[in-house]
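Position 315 of the sequence shown, counted from 1, bears residue number 455 in the working numbering, the numbering being contiguous throughout.
All residues carry an ideal CB built from backbone N, CA and C; glycine is no exception.
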Amino acid sequence: MLACDASNDSCELEDKVPQGDRKGCFPQWACSWEEVSIMDEKNIPIRTYQVCNVLEPNQNNWLRTDWIPRSGAQRVYVEVKFTLRDCNSLPGVTGTCKETFNLYYHESNEVRESYIKESSFIKVDTVAADESFTQVDVGDRIMKLNTEVRDVKVTTRKGFYLAFQDVGACIALVSVRVFYKTCPLTIRNLATFPDTVTGADTSSLVEVRGSCVNQSEEREEPKMYCGADGEWLVPIGGCFCSPGYEEKGGACKACSAGFYKAKSSDAGCFKCPPHSHSVRDGATVCDCHSGFFRADSDPPSMACTQPPSAPQQLISVVNETSVVLEWAPPRRLGGRSDTSYSLDSQLCLPCGSDVLFSPGQTGLKTTRVVVSELRAHTHYTFIVHARNGVSQASGAGAAQSVSVSVTTNQAAPSPVSSILAIDVTRHSLSLSWQQPDRPNGVILEYEVKFYEKDQKERSYRIMRTFSRSVDVTGLNPLTVYVFHVRARTAAGYGEFSAPFEFSTNSDPFPLIGEGVNSAFLLLSVSGVGILLLISAAVFIISRRRSKYSKTKQDSEEEKHLNPGVKIYVDPFTYEDPDQAIHEFAKEIDVSSIHIEKVIGMVGEFGEVCSGRLRVQGKREIYVAIKSLKAGYSDKQRRDFLSEASIMGQFDHPNIIRLEGVVTRCKPLMIITEYMENGSLDAFLRKHDGQFTVIQLVGMLRGIASGMKYLSDMSYVHRDLAARNILVNSNLVCKVSDFGLSRVLEDDPEAAYTTRVRRKIPIRWTAPEAITYRKFTTASDVWSYGIVMWEVVSYGERPYWDMNNQDVIKAIEEGYRLPAPMDCPVVLHQLMLDCWERERAERPTFSQILNMLDKLIRNPGTLRTMLESGMGSEVCVSVLPEVCVPEWSVCEWLQSIGLERYRDTLAAAGYTSLDSLLALTHQ
141 MLACDASNDS CELEDKVPQG DRKGCFPQWA CSWEEVSIMD EKNIPIRTYQ
191 VCNVLEPNQN NWLRTDWIPR SGAQRVYVEV KFTLRDCNSL PGVTGTCKET
241 FNLYYHESNE VRESYIKESS FIKVDTVAAD ESFTQVDVGD RIMKLNTEVR
291 DVKVTTRKGF YLAFQDVGAC IALVSVRVFY KTCPLTIRNL ATFPDTVTGA
341 DTSSLVEVRG SCVNQSEERE EPKMYCGADG EWLVPIGGCF CSPGYEEKGG
391 ACKACSAGFY KAKSSDAGCF KCPPHSHSVR DGATVCDCHS GFFRADSDPP
441 SMACTQPPSA PQQLISVVNE TSVVLEWAPP RRLGGRSDTS YSLDSQLCLP
491 CGSDVLFSPG QTGLKTTRVV VSELRAHTHY TFIVHARNGV SQASGAGAAQ
541 SVSVSVTTNQ AAPSPVSSIL AIDVTRHSLS LSWQQPDRPN GVILEYEVKF
591 YEKDQKERSY RIMRTFSRSV DVTGLNPLTV YVFHVRARTA AGYGEFSAPF
641 EFSTNSDPFP LIGEGVNSAF LLLSVSGVGI LLLISAAVFI ISRRRSKYSK
691 TKQDSEEEKH LNPGVKIYVD PFTYEDPDQA IHEFAKEIDV SSIHIEKVIG
741 MVGEFGEVCS GRLRVQGKRE IYVAIKSLKA GYSDKQRRDF LSEASIMGQF
791 DHPNIIRLEG VVTRCKPLMI ITEYMENGSL DAFLRKHDGQ FTVIQLVGML
841 RGIASGMKYL SDMSYVHRDL AARNILVNSN LVCKVSDFGL SRVLEDDPEA
891 AYTTRVRRKI PIRWTAPEAI TYRKFTTASD VWSYGIVMWE VVSYGERPYW
941 DMNNQDVIKA IEEGYRLPAP MDCPVVLHQL MLDCWERERA ERPTFSQILN
991 MLDKLIRNPG TLRTMLESGM GSEVCVSVLP EVCVPEWSVC EWLQSIGLER
1041 YRDTLAAAGY TSLDSLLALT HQ
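In structure tokens form, the structure reads like this:
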């Protein structure tokens, strides 16, 4: 039986002595313990067990308790209160009197075990008295009571027996109390920990998991440890009061009306924010007052708000087919700062998909929008809406709006989009074209401007016609001409179309067909074609083991000696930089420039802005404006203007176009065409995975075309990278940034160093340029290969996170960038060709351009991808000689566009490329 005492965190066990033979003695043992009634010091009768056989030696007197249930305890404590006679006060007991007794225990599952061997008991301790009494004390009735406590580990049986062994003492047992310790029920960190029995060892800790109190949730698993002395130790974790409840006195109480608690982690209940209320206890959020709302993204602590009122003072300014709309913010913003505006296109009639809104049509933070590409002489209605975060909330009502109606003015027509040559002879061309997409009125006439390509626009002719076609006569045979067409309405001339190139024929008979271009016309010359065919076959087969002949460099040197090729002039050869700038760049009146916004920085020079340029007699165009910051040195001025002197010498659709410079006032400016989509690397990263392979190849083709133009002018770029390629709205790529570029000297082995101290872009630079500063067109080809990798990988960083030293070492050891994901084998092979260690083995830009043209004409070759790290067995090269063993005559003729000679050669018995070696020129 257990009697628990909560005041001392212990439980008492029943300690009655069994009623048996000789008053609790073991029947099998001799015993002298006797149950005696005595008076304590307060003259209260008590019952004791006594023994005092001190005169006889070898005493062995036992007293045993009844069976005591363990009741889950693992260690029990035995408190014994007793008195002991001092042996010195007993005469004649020397050698037989003792002043101690022994305490034993025996674990058992038997409630009544009548026969227990003495050897079955385990000794707990020998108990000695701190105080002993004498005969005098008995006469004076002074009871010297001793209290001793011993602990016993009991873990193997349901209960146990205690036994007391007397070995010759004069002793009286007054009381025996048996108990065990517990850690009492407690609440800590909003978790309840139950009564817990201490461990079996005096140093053991019992881990106890608590349970969260009502209306609470676990923050971190609540745990404590019950120590051997009945104390709780090391509280860990705990609970939070649930939303709508806060901690008070170790319990979770509901928030009262007018207060709320949204999250369990909040410290307590908060007063409802403005324009909200709670009417019940335990609110997790306060409800908004009538007419006020809260957006889904608003935190509960935010005040309830209202939709904005309508925008104010909407005004419009019409400029031909463009409208500028401006308005003032609403008078009432509803207590929010996220007001935005939109133009409702459904009520903008007759707005079509081609109408442009700048900066946008919805989600506007500004109060100004430019609407362009409208139709001329057309009535439009624009509605501006004001919204904020609660405009779409339930019951908030529709967005507030204001409208305005305008009528556009007469405008010049848009440019003609395409021109076709339908009849080509030695001295004439017949051209036709479609009406502009936006005529903006009745077309009164068309104007055709044309000139010889080599003459550019230094000498041109103008023809006018009322129809959409014209016959151009008096042309030189076998000459490439450039044509531009523009239309005129009552509002004036529109812009000229993009340039279209057509070549006259050397054959006196005309070639009929749409879309005839110069390449097709040149290949049509049968006599020259067959001669070139035989010569090319002999040359290719005899050189089949060499990919790119070193004669490539010789041909470049010969080109320098050709007086018909324009050669680039280095502006740094001029003593006066102003002389170079005035020779190669056009001076622009600063009043013609309207700067709109900053779009970037250019390092030590200044900033780049976008704006508009309107030169008298020409249509206003968007431009990029690079300015030189104040306080510049003479060297900075020279370096700044040198870039304009460089660009001014170039005229190619894939080279950034210089519009002019401002040098006669400050700040100094360089004006170039505006490229809407910015740098190629950032553009590709923004549109990752959104282009077809053919579109990517088209971008690479444009870059290669621009670089071929530069190399033909004996010019080395030296910083060719995707970041220095600009992209316009039509995805046309143009080479830019000529800060590191320098002219090739007469010595093709010459080394070049930067005039401005810039670090060489290691990841894009050829090994010989890094090691020996040898910059050539071949090193630009290496850089072009890296650009190809950037384009196909959508702007990924070459060599990823490798540092520059690791990149240099890897390249020297033969490592090359692997094919990007979904990269066709033919493109990766072309990259590897560009990364040949020997410069002479790399292709020229002319060969690269031809290769890309073939891929565009035969897109099926782009379907072979790298799979599982293994490429297909595909023969890929810029030059067909590499693939000769696998090609037939038919395949090779088809690859160079001369398949019409297939039957002629086959009839003469020439069925393999090797057999062509027997052909002579005759």
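N998 sits exposed, since fewer than 16 C-beta atoms from the chains shown fall within 10 Å of its C-beta. Taking C-alpha positions only, F780 is separated from V564 by approximately 46 Å. V730 and R566 have their C-alpha atoms spaced approximately 46 Å apart. Secondary structure at S986: helix, using DSSP grouped into helix, strand and coil.
Of Y385, T336, I256 and Y217, the smallest CA-CA separation from S404 is found for Y385. Beta-bridge analysis with DSSP links L753 to I733 and I761. Nearest neighbour of Q830 by Cα position, chosen from K874, Y934 and M809, turns out to be Y934.
Listed in chain order, the non-local C-beta contacts of S248 below 7 Å within the same chain comprise W207, R297, G299, F300 and Y301, local neighbours out to five positions each way being set aside. Unbroken beta strand (DSSP E) runs of no fewer than 3 residues, entirely contained in the segment 496-567, are found at 496-498, 508-512, 519-527, 540-547 and 559-564, following chain order.
The C-beta of V738 has fewer than 16 other C-beta atoms within 10 Å across all chains shown, which makes the residue exposed. With three or more CB-CB distances shorter than 8 Å, the segment 438-458 counts as touching the segment 467-483. DSSP places H417 in the strand class (E or B) of the three-state scheme. For the pair L824 and S767, the CB atoms are not nearer than the 8 Å cut-off. Exclusion of the five residues before and after R508 leaves E466 as the residues of its chain whose Cβ lies within less than 6 Å of its Cβ.
According to DSSP, V289 shares a beta bridge with E219. Annotation: L972 is outside any beta strand (DSSP E); the continuous alpha helix (DSSP H) that includes it extends over V965 to C974. In the displayed model, Y365 falls within a strand according to three-state DSSP. For A468, the uninterrupted beta strand (DSSP E) run begins and ends at S462 to A468, by DSSP.
Inclusion of A269 and L230 in the CB contact set at 8 Å is not warranted, their separation being larger than that value. When DSSP states are grouped into helix, strand and coil, G846 belongs to the helix group.
Judged by DSSP in its simplified three-state form, I948 adopts helix.
The shortest CA-to-CA distance from K363 to any of S356, L569 and C379 is the one to C379. Under the three-state reduction of DSSP output, A720 falls in the helix class. Of the residues I562, E952, D577 and A552, the one whose Cα lies closest to the Cα of E635 is A552.
The beta carbon of Y814 sits closer than 7 Å to those of S750, Y762, V763 and A764, all from its chain and outside the five residues before and after it, given in chain order. Taking all protein chains shown into account, V289 has fewer than 16 neighbouring C-beta atoms within 10 Å of its C-beta and is therefore exposed.
Judged by DSSP secondary structure, D877 falls outside any alpha helix (DSSP H); it is assigned neither H nor E. In this structure, T240 keeps its C-beta atom at 8 Å or more from the C-beta atom of T274. DSSP places E813 inside the beta strand (DSSP E), whose first and last residues are M809 to E813. Three or more beta-carbon pairs separated by less than 8 Å link the segment 970-983 to the segment 923-940, which places the two stretches in contact. In the displayed model, R997 falls within a helix according to three-state DSSP. The Cβ-Cβ distance between Y365 and E387 does not fall below 8 Å.
In the same chain as G422, and ignoring 5 residues on each side of it, the C-beta atoms closer than 8 Å to its own belong to G384, Y385, A394 and C395, in chain order. Bounds of any beta strand (DSSP E) do not take in F823; it lies within the alpha helix (DSSP H) bounded by L820 to K826. A Cβ-Cβ distance of about 5 Å is found for the pair F261 and H246, placing them in contact under the 8 Å criterion.
Take the alpha-carbon of V216 and the one of G398: they are about 55 Å apart.
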